[in-house]
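Chemist: This is the structure I want to talk about, given as structure tokens.
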DNA sequence: TCAACACTTCATGAGTAATTGAAACGATGG
DNA sequence: CCATCGTTTCAATTACTCATGAAGTGTTGA
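Written as structure tokens, this is what we have:
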């Protein structure tokens, strides 16, 4: 990931609704909105726009705007299936952005890395 | 770091000039702008606004605006010394943002973590 | 083919961010 | 105390982003 891409991704994420969409899509809907809750490591089916709209409680047109913003930033991919459009988080892009912040922008600064790895208060370590 | 803080930080970083400022400050100026180049693990002296201005090639007033945006987002701290104001990157806040993206927003998703840890083409691993 | 559905696009208006140059502020040195 | 230097604040302009509702596109099923 280069700087222009990172700037696009940062702009896309700097919005409450879009951050909520990412949060929703990263779990492929196993938190809410998707009926089946399988193990977390299979192929990500994504979530149709309508389900996302009802989850984040925004109008269809507004959601479409935010989804295309995330898609243009490379953070989401869209796939049409029947009359629905399924959106899926691009995990590589998301990781790429974090990698960019950590290693390009912060040059792998040890203090930044340490804080990034640190566990939040009363939470299990994920990294 | 919570969501409002993360949104502020993301907005602050979603700007070319401000990203450049962060990049400049993370090296405490050992890349350019600061005359002495010591080892990277001591106390960070920060960089005065004037030096930052000449490095990123923006007018003083515009720089002041961007610096205070970063400061309000919690990413920078300012310290007045004599007639100059030294700005220093808050590495904990920077790491906290990355931690938030990785573990809150992406829920520690293994694919995201893997991409985040992956080395860039022909670059040493930092994390 | 027609109506319903899922979603996107368009037009419009409101709010917010970015840029510029001038003026103000506080610290320093003569 | 006055001139200067480094920096911030202010006012005005421009540009962008966000939100809303209506109209449009394409798909499905009767």
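Residue numbers (our numbering), protein chains in the order written: chain A, 425 to 551; chain B, 425 to 551. We put the CB at the ideal spot given by N, CA and C, even for glycine.
#1: Identify each residue in the region 429 to 443 of chain A for which the Cβ-Cβ distance to at least one residue of chain B is less than 9 Å, and report them in chain order.
#2: Would you kindly work out how many angstroms separate the C-alpha atoms of residue 498(A) and residue 425(A), rounded to a whole number?
#3: Could you tell me which residues DSSP pairs with residue 489(A) in its beta bridges?
#4: Helix or strand or just coil, what does DSSP make of residue 503(A)?
#5: Would you mind telling me which residues of chain A sit closer than 9 Å to residue 450(B), beta carbon to beta carbon, in chain order?
#6: Taking its Cβ as the centre, do 16 or more other Cβ atoms sit within 10 Å of residue 472(A), making it buried, or is it exposed?
#7: How far does the alpha helix (DSSP H) with residue 442(A) in it reach, from first residue to last?
#8: Residue 516(B) CB to nearest chain A CB: under 7 Å?
#9: When the Cα of residue 448(A) is compared with those of 469(A), 496(A), 539(A), which residue comes out closest?
#10: Examine chain B for any beta-carbon lying closer than 7 Å to the beta-carbon of residue 522(A), and answer yes or no.
#11: Show which residues of chain A have a CB atom less than 7 Å away from the CB atom of residue 525(B).
#12: For residue 465(A), collect the residues of the same chain with a Cβ closer than 7 Å to its Cβ; drop the 5 residues on either side in sequence, then sort them by chain order.
#13: Can you grab the Cα-Cα spacing for the pair residue 489(B) / residue 479(B), in whole Å?
#14: Which residue's Cα is closest to the Cα of residue 496(B): 543(B), 432(B), 504(B)?
#15: Find out if the Cβ-Cβ distance for the pair residue 516(A), residue 539(B) is shorter than 7 Å.
#16: Is residue 539(A) close to chain B? Criterion is C-beta to C-beta, closer than 7 Å.
#17: Distance, Cα to Cα, residue 526(A) vs residue 522(B)?
Modeler: In terms of the structure at hand:
#1: Going along the region 429 to 443 of chain A in chain order, one finds 430, 431, 432, 433, 434, 435, 436, 437, 438, 439, 440, 443 with a Cβ nearer than 9 Å to chain B.
#2: Your numbering for residue 498(A) matches position 74 in the first chain. Your numbering for residue 425(A) matches position 1 in the first chain. Cα to Cα, residue 498(A) sits roughly 10 Å from residue 425(A).
#3: Counting from one through the first chain, the residue named residue 489(A) turns up at place 65. Paired residues: none, contrary to the question.
#4: Mapped onto the first chain, residue 503(A) falls at position 79. In the structure shown, the three-state DSSP call for residue 503(A) is strand.
#5: The residue you call residue 450(B) lines up with position 26 of the second chain. Within 9 Å Cβ-Cβ: 529, 530, 531, 533, 536.
#6: Here residue 472(A) refers to the residue found at position 48 of the first chain. So residue 472(A) counts as buried.
#7: For the purposes of this step, residue 442(A) is taken as the residue at position 18 of the first chain. Counting along the chain, the unbroken alpha helix (DSSP H) around residue 442(A) starts and ends at 440 to 450.
#8: Indexing the second chain from 1 puts residue 516(B) at position 92. Interface residue (Cβ-Cβ distance to chain A less than 7 Å): residue 516(B) is classified as such.
#9: Residue numbering aside, residue 448(A) sits at position 24 when the first chain is read from its first letter. If we check each option's Cα against that of residue 448(A), 469(A) comes out closest.
#10: Mapped onto the first chain, residue 522(A) falls at position 98. It does; some Cβ of chain B falls within 7 Å.
#11: As a working mapping, residue 525(B) is identified with position 101 in the second chain. Residues of chain A whose Cβ lies closer than 7 Å to the Cβ of residue 525(B) are, in chain order, 522.
#12: Start at 1 with the first residue of the first chain, and residue 465(A) comes out as number 41. With a pLDDT of only 45 at residue 465(A), under the threshold of 50, the placement of this residue in the model should not be trusted; the figure read from the coordinates follows. There are no such residues.
#13: Here residue 489(B) refers to the residue found at position 65 of the second chain. Here residue 479(B) refers to the residue found at position 55 of the second chain. Between residue 489(B) and residue 479(B), the C-alpha separation is close to 16 Å.
#14: Working through the second chain from its first residue, we reach residue 496(B) at position 72. Comparing Cα positions, the closest option is 432(B).
#15: Here residue 516(A) refers to the residue found at position 92 of the first chain. Here residue 539(B) refers to the residue found at position 115 of the second chain. Yes, Cβ-Cβ distance for residue 516(A) and residue 539(B) is below 7 Å.
#16: Here the question's residue 539(A) lines up with position 115 in the first chain. It does: the Cβ of residue 539(A) has a partner Cβ on chain B nearer than 7 Å.
#17: On the first chain, residue 526(A) is found 102 positions in, with the first residue counted as 1. On the second chain, residue 522(B) is found 98 positions in, with the first residue counted as 1. Annotation: residue 526(A) to residue 522(B) spans about 7 Å, alpha carbon to alpha carbon.
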